[in-house]
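Participant:
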């Protein structure tokens, strides 16, 4: 059974300025698209950057990784699915699967990891201090999902 | 006679990620290079962003313009000369001339305009409130220059 | 009377990576948004980059200018209207008006100019060689418009 | 004994437009700096992009990863050391160590992986087809290094 919400897919259309002299999307842009999809994902589960900021929660990026499967080109539409890979309460791992909407093929898989801190830099234990945020993330863990939101 | 200081030239080497699918530098990057050259120019005349910030002076961009003469390619070295076009005390106009160091040809001319404000948003009259900054800028006006710093 | 088509508005949502340390959108991004809106505009009038490319028409950027009226912030939605300011047949001038959709205020006005060339670099006289493209552009000149598409 | 050449360090100065609303360098830029350092590294070992291109060798990015240790700020100088982690002949793994030159602390560690292909897309076995390039890379493997070039 999947507790995960059914998400609206996030679509990024490749901009001309995102291409490089090989005629394809420069690989650095996928890192930015992960951020776009993460922002959208957190909005959709009700924990957007604005709400976190109001509560004084910062969530810096600790690491990123990206595996390129197929190139994309100017004007391609890329659907980016973000999902929680793991959330221990101290660290959050978000996974990303990017598909070319025209072909359905996976063009890139990615991952980012994050911690949670107060604006003064004190580590936050989500499960204890913000159980509702923890639950919202945990509910969207990939293990809880089948189908639409599963990579 | 030229009161202007002899400036160290600012050189930007075109990065691979700055090219686009036409195989040349994407035009938006020249706007960023103007900022790089402006930062360097202000450092060289002793009024870097850090000093301005300490004094509580913000200098937002009001406008930019850019005229493209010749394209540049990956790994080209572009020399960017920044100079003061006009400084009325309320508004600052900085001009930019960008040359391909290999050919000597001008690849782009640009201009930015700026105002001066306190961090709270009150307009600053440079000539009255920061006469030393005004002088440093005025000394580097193009009318005062011949040769090396003249576009 | 306005021959101009009623265009679907183009909306850009400000990405986190488009902000700078002043907490607002970095000014260089508006130049990129003009390109996004231009691509969308040309698609909407039936002359997208792909069609032009197939016909062997290149349309390089000769100049850009941008006037900043109000800053925008992360997650702001910016509506960008592109329209033809002038099209002499040799040169095309496109204007842009960008509005914050939440406040309705104009945040930036811009302009780009372009020429038309074959892929080998020969100048193209639109009116003679591609009269249909010329007409499609001319119909969307601002003089022909009232209301929705008029800046 | 270290066969590796003593490399000139590659330094990137953080640009204003690379900062974000948290007041620090946006994490996506480090991915671009890796490319800058890789280009410089290949130039220094005599196998720049231009030479590879002339020989018809493409070397696309298969993956990137980046671990953020400390943030950097506008105007910080970051020294980026690139070195070969592994070169099997089919795949090349390049490592990156980025240090704040003012403090000496490591701000980011990264890795990219690459394959080699002809411009038509046929995989190239470096060791067999371009033994000189293979050797140049192998000589700069981290195992061969102590001191200056060792991460």
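Protein chains in written order, with my numbering: chain A, 350 to 500; chain B, 350 to 500; chain C, 350 to 500; chain D, 350 to 500.
Where a beta carbon is used, it is the ideal one built from N, C-alpha and C, also for glycine.
It should be emphasised that the depicted structure is a prediction, and the values quoted were computed from it without experimental measurement.
1) Check whether the Cβ atoms of residue 485/C and residue 396/C lie closer than 8 Å to each other.
2) Counting only C-beta atoms, is residue 479/A closer than 8 Å to chain D at any point?
3) Name the one or two DSSP bridge partners that residue 415/C has.
4) Determine whether the Cβ of residue 399/C lies closer than 8 Å to any Cβ atom of chain A.
5) Using three-state DSSP, classify residue 489/B as helix, strand or coil.
6) Can you tell me where the alpha helix (DSSP H) with residue 389/B in it begins and where it stops?
7) Suppose you measure from the CA of residue 412/D to the CA of residue 461/D; what does that come to, to the nearest Å?
8) Is the number of C-beta pairs between the region 382–393 of chain B and the region 426–446 of chain B that are closer than 8 Å three or more?
9) Would DSSP call residue 475/B helix, strand or coil?
10) Quick check: the region 462–477 of chain A against the region 431–444 of chain A, are there 3 or more CB pairs under 8 Å?
11) Going straight from the alpha carbon of residue 389/C to that of residue 359/C, what length do you get?
12) Could you please give me the residues that DSSP links to residue 446/C through a beta bridge?
13) Could you pull the DSSP bridge partners for residue 355/A from this structure?
14) How about residue 456/D and residue 419/D: are their beta carbons less than 8 Å apart?
15) Identify the contact partners of residue 384/C in chain A, using a Cβ-Cβ distance below 8 Å as the criterion.
16) Report all residues from its chain with a CB closer than 8 Å to the CB of residue 440/C; omit the five preceding and five following residues, and keep chain order.
17) Identify each residue in the region 401–417 of chain C for which the Cβ-Cβ distance to at least one residue of chain B is less than 7 Å, and report them in chain order.
18) Determine the DSSP secondary structure at residue 369/B, reduced to helix, strand or coil.
19) Residue 398/B: which of 423/B, 491/B, 482/B and 453/B sits nearest, CA to CA?
20) Would you say residue 431/D faces chain B, with C-beta separation under 8 Å as the test?
21) Count the other CB atoms within 10 Å of the CB of residue 422/B; is the residue buried (16 or more) or exposed (fewer)?
22) Thinking residue 393/B and residue 446/B are a contact (beta carbons under 8 Å), I'd like their distance in whole angstroms, please.
23) Restricting to Cα atoms, I'd like to know which of 364/D, 425/D and 387/D is closest to residue 378/B.
24) Roughly how many whole angstroms lie between the Cα atoms of residue 454/A and residue 490/B?
25) Give a yes or no on whether the minimum CB-CB distance between residue 377/A and chain D is below 8 Å.
26) Have a look at residue 480/B and residue 371/C and give me their C-alpha separation to the nearest angstrom.
27) What number of angstroms, rounded off, separates the C-alpha of residue 361/B from the C-alpha of residue 414/B?
28) Counting only Cβ pairs nearer than 8 Å, list the residues of chain D close to residue 369/C.
29) What are the start and end residues of the alpha helix (DSSP H) that includes residue 403/A?
30) Once DSSP output is grouped into helix, strand and coil, what is the label at residue 468/D?
31) Would you list the one or two residues that DSSP bridges to residue 361/C?
32) Name the chain A residues that come within less than 7 Å of residue 380/D, Cβ to Cβ?
33) What is the DSSP secondary structure of residue 481/C, counted as helix, strand or coil?
34) Taking a Cβ distance cut-off of 9 Å, strictly less, list which residues of the region 434–459 of chain B are near chain A, in chain order.
35) Whole angstroms is fine: what's the gap from residue 467/B's alpha carbon to residue 406/B's?
Facilitator: According to the data block:
1) yes
2) no
3) 413/B and 459/C
4) yes
5) coil
6) 377–393
7) 6 Å
8) yes
9) helix
10) yes
11) 7 Å
12) 430/C and 458/C
13) Beta-bridge pairing links residue 355/A to no other residue.
14) yes
15) 364, 365 and 366
16) 411, 462, 463 and 464
17) 410, 411, 412, 413, 414, 415, 416 and 417
18) coil
19) 482/B
20) no
21) exposed
22) Actually they do not touch by this definition, with Cβ atoms about 16 Å apart.
23) 364/D
24) 57 Å
25) yes
26) 25 Å
27) 19 Å
28) 365, 366, 368, 369 and 370
29) 398–403
30) coil
31) 427/C
32) 377 and 380
33) helix
34) none
35) 5 Å
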